[in-house]
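Visitor:
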Ligand code: GDP
Ligand code: MG
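Numbering (this note's numbering), first residue to last: 2 to 428.
#1: Mapping DSSP to helix, strand and coil, what is residue 335?
#2: Judging by CA-CA distance, which residue of 161, 160, 142, 158 is the nearest neighbour of residue 152?
#3: Does DSSP put residue 315 in a helix, in a strand, or in coil?
#4: Identify the continuous alpha helix (DSSP H) that holds residue 368 and give its terminal residues.
#5: The ligand GDP heavy atoms versus the CB of residue 248: any closer than 7 Å?
#6: Opposite residue 422 in the DSSP bridges: which residues?
#7: For residue 101 and residue 191, what's the separation of their Cα atoms in angstroms?
#8: Where in the region 206-262 do unbroken runs of the alpha helix (DSSP H), each at least 4 residues long, occur, reported from the N-terminal end onward?
#9: Under the DSSP definition of a beta bridge, which residues are partnered with residue 120?
#10: Report yes or no: do three or more beta-carbon pairs, one from the region 72-82 and one from the region 200-212, lie closer than 8 Å?
#11: Could you spell out where the alpha helix (DSSP H) holding residue 137 opens and where it closes?
#12: Note down the Cα distance separating residue 200 from residue 225, rounded to an integer number of angstroms.
#13: Below 7 Å, is the gap between the Cβ of residue 274 and the nearest heavy atom of the ligand GDP?
#14: Between residue 233 and the ligand GDP, is there a pair consisting of the residue's CB and a ligand heavy atom that are separated by less than 7 Å?
#15: For the alpha helix (DSSP H) that contains residue 63, what are its first and last residues?
#16: Examine the ligand GDP and report whether any of its heavy atoms sits within less than 7 Å of the Cβ of residue 1.
#17: Is the beta carbon of residue 58 within less than 7 Å of some heavy atom of the ligand SAM?
#18: Spell out the partners DSSP gives residue 110 in its beta bridges.
#19: Between residue 230 and the ligand GDP, is the CB less than 7 Å from at least one heavy atom?
#20: Considering only DSSP beta bridges, list what residue 105 is partnered with.
#21: Taking the continuous beta strand (DSSP E) assigned at residue 269, which residues delimit it?
#22: Compare the Cα-Cα distances from residue 166 to each of 175, 133, 176 and report the closest residue.
#23: Under 7 Å Cβ to Cβ from residue 398, same chain only, skipping five residues before and after it: list those, please.
#24: Quick one: using the 10 Å Cβ neighbour count with 16 as the cut-off for buried, is residue 283 buried or exposed?
#25: Who are residue 265's beta bridge partners in DSSP?
#26: In angstroms, rounded to a whole number, what distance separates the CA positions of residue 158 and residue 297?
#27: Mind checking whether the beta-carbon of residue 258 lies closer than 7 Å to any heavy atom of the ligand GDP?
#28: Tell me whether the beta-carbon of residue 105 lies closer than 8 Å to the beta-carbon of residue 162.
#29: Around the Cβ of residue 122, are there at least 16 other Cβ atoms within 10 angstroms (buried) or fewer (exposed)?
#30: Locate the beta strand (DSSP E) running through residue 74, then write down its first and last residues.
#31: Can at least three beta-carbon pairs, one atom from the region 173-182 and one from the region 112-128, be found at a separation below 8 Å?
#32: Between the alpha carbons of residue 340 and residue 258, how many angstroms are there, rounded?
#33: Are the region 266-277 and the region 297-308 in contact at 8 Å, needing three or more beta carbon pairs?
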């Protein structure tokens, strides 16, 4: 798809419509004229996202098939959840301490017919809970407690949050626990390793796009999340940076994102998230104002600022990785399917009556006898090349053989006493 189609995504159009006062006329105009193309774009991408989602539910990653995924990483309190909140326009558990303790798969779906957002949580093998915008934070916390315990522990079993809302971009993102160096009260000592393992599991596959959330208030090269994503994506070709809290540290930001000291291949997008009790719409207006009028922030290229730009970039990236990965995924699934079908064909037939069952039973018995004879008598282990358990049985058989040869030597000479009677009795 051309970038013009992506650019005119309806979520951006409607998200912006609230902001027309502060937006330039040209942007608003192109958003409106593009909406028909955008709708057809949606029609095309939605079934693909559905397919990827269903595959995720079928846990194909456990079969070694990687799915195209946008993974959100960042140091603790860098603003990961806030960025997702801004993209989805809903409230997520935010704040200090470790809030995200399990991976949260967030599926955003634009639904022009939805008057109010429809939210659904899916977790623990098919549990589905419908919730509301006001309760979603509590529902996520409750689901987290169910999966990872009520303490401060973490888990790699994901929760899926489906958000159907008018004007959100069609995106699926995975929010991961933030990286903590020092365990807080009640956290296991190896918390850093546990989190690092989960993050690596999600960002290592080349099918994953890494959305690296960096706070403007810190020095980027010192970020753990940068170190970690560089380990799996040295050149940064699948890393996109989101810089949060620009309102707190506008000084030097332009230099930081143009110098690119940390190899971000897909570029930087600077954002300002919801602060305190602001509504989502207020936050977008404030963000717009900030990047338009702030003496330092207004100097940053408009292609690099704001949640609408971030949403557009992500939709574009998502379309690209899906297009790139799907053919290979189809091939891998077909491979697995034909392998499993072959295995299935080798399974015993259905047994519907006693005669069949008895025949099958004797057949199995014969196979077992043949196996045992091979192993115990002829010492042929080709049926169990990797199973040392069977080999050990054979070794014991050998030992018994040797013992049997040694025994006659121990019979008391010239005695008519019975020998080993007690042992035989026990046996
Ligand atoms: P996470 O731990 O990475 O998920 O971070 P959170 O999203 O929970 O954010 C940590 C804190 O930073 C929260 O108190 C947010 O309100 C705050 N925060 C996030 N983004 C911004 C921003 O753009 N500006 C300001 N001023 N605060 C932000
Ligand atoms: Mg969080």
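For glycine and all other residues, C-beta sits at the position ideal for the given N, C-alpha and C.
Guide: Answer, in terms of the structure:
#1: Along the chain shown, one-based indexing puts residue 335 at 334. Helix, per DSSP.
#2: Position 151 of the chain shown, counted from the first residue, corresponds to residue 152. Answer by Cα proximity: 142.
#3: The residue labelled residue 315 in the question sits at position 314 within the chain shown. DSSP places residue 315 in helix when its eight states are reduced to three.
#4: Taking the first residue of the chain shown as 1, we reach residue 368 at position 367. Segment 355-373, the alpha helix (DSSP H) holding residue 368.
#5: The residue labelled residue 248 in the question sits at position 247 within the chain shown. The answer is yes for residue 248.
#6: As a position in the chain shown, residue 422 is number 421, starting the count at 1. The bridge partners DSSP lists for residue 422 come to none.
#7: The count along the chain shown starts at 1 and reaches residue 101 at position 100. The count along the chain shown starts at 1 and reaches residue 191 at position 190. Roughly 17 Å separates the two Cα atoms.
#8: Fully contained in the region 206-262 are the following alpha helix (DSSP H) runs of length 4 or more, in chain order: 225-233, 254-260.
#9: Position 119 of the chain shown holds residue 120. Note: residue 120 is bridge-paired with 132, 164 in the DSSP secondary-structure output.
#10: Because the criterion of three Cβ pairs below 8 Å is met, the region 72-82 and the region 200-212 touch.
#11: Counted from its first residue, the chain shown places residue 137 at position 136. In this chain, the alpha helix (DSSP H) harbouring residue 137 covers 137-149.
#12: In the chain shown, counting from the first residue as 1, residue 200 sits at position 199. In the chain shown, counting from the first residue as 1, residue 225 sits at position 224. Approximately 11 Å between the Cα atoms of the pair.
#13: Position 273 of the chain shown, counted from the start, is the residue given in the question as residue 274. Residue 274: yes, Cβ under 7 Å from the ligand GDP.
#14: One-based indexing of the chain shown puts residue 233 at position 232. At a cut-off of 7 Å, the beta-carbon of residue 233 does not count as near the ligand GDP: no heavy atom of the ligand is closer than that.
#15: Taking the chain shown and counting its residues from 1, one reaches residue 63 at position 62. No alpha helix (DSSP H) contains residue 63, which DSSP labels as neither H nor E.
#16: Absent from the model: residue 1. The displayed extent of the chain is 2 to 428, so no value can be given.
#17: The ligand SAM is not part of the structure shown, which contains the ligand GDP and the ligand MG as its ligands.
#18: For the purposes of this step, residue 110 is taken as residue 109 along the chain shown, with counting starting at 1. DSSP, once it has assigned bridges, lists 165 as partnering residue 110.
#19: Here residue 230 refers to the residue found at position 229 of the chain shown. Outside the cutoff, so no.
#20: Here the question's residue 105 lines up with position 104 in the chain shown. DSSP output for residue 105 lists 160, 176 as bridge partner(s).
#21: Working through the chain shown from its first residue, we reach residue 269 at position 268. Its beta strand (DSSP E) spans residues 269-271.
#22: Within the chain shown, the letter at position 165 stands for residue 166. With distances taken between Cα atoms, residue 166 lies closest to 133.
#23: Locating residue 398 in the chain shown gives position 397, counting from the first residue. Apart from sequence neighbours up to five positions away, the residues of its chain that approach residue 398 with a beta-carbon distance below 7 Å are 377, ordered along the chain.
#24: For the purposes of this step, residue 283 is taken as the residue at position 282 of the chain shown. Taking a 10 Å sphere around the C-beta of residue 283, we find fewer than 16 other C-beta atoms and assign the residue as exposed.
#25: As a first step, residue 265 is located in the chain shown; it is residue number 264 there, counting from the start. Answer by DSSP bridge pairing: none, since residue 265 is not bridged.
#26: Taking the chain shown and counting its residues from 1, the one referred to as residue 158 is at position 157. Taking the chain shown and counting its residues from 1, the one referred to as residue 297 is at position 296. Looking at the two C-alpha atoms, the distance is approximately 42 Å.
#27: Mapped onto the chain shown, residue 258 falls at position 257. Proximity of the beta carbon of residue 258 to the ligand GDP is not indicated: no heavy atom of the ligand is located closer than 7 Å.
#28: The sequence position of residue 105 within the chain shown is 104, counting from 1. The sequence position of residue 162 within the chain shown is 161, counting from 1. In contact: residue 105 and residue 162 (Cβ atoms closer than 8 Å).
#29: Within the chain shown, the letter at position 121 stands for residue 122. Around the beta carbon of residue 122, 16 or more other beta carbons sit within 10 angstroms, so the residue counts as buried.
#30: On the chain shown, residue 74 is found 73 positions in, with the first residue counted as 1. First-last of the beta strand (DSSP E) with residue 74: 70-75.
#31: The region 173-182 is not in contact with the region 112-128.
#32: The residue you call residue 340 lines up with position 339 of the chain shown. The residue you call residue 258 lines up with position 257 of the chain shown. Going by the C-alpha atoms only, they are around 49 Å apart.
#33: Output reads yes: the region 297-308 touches the region 266-277.
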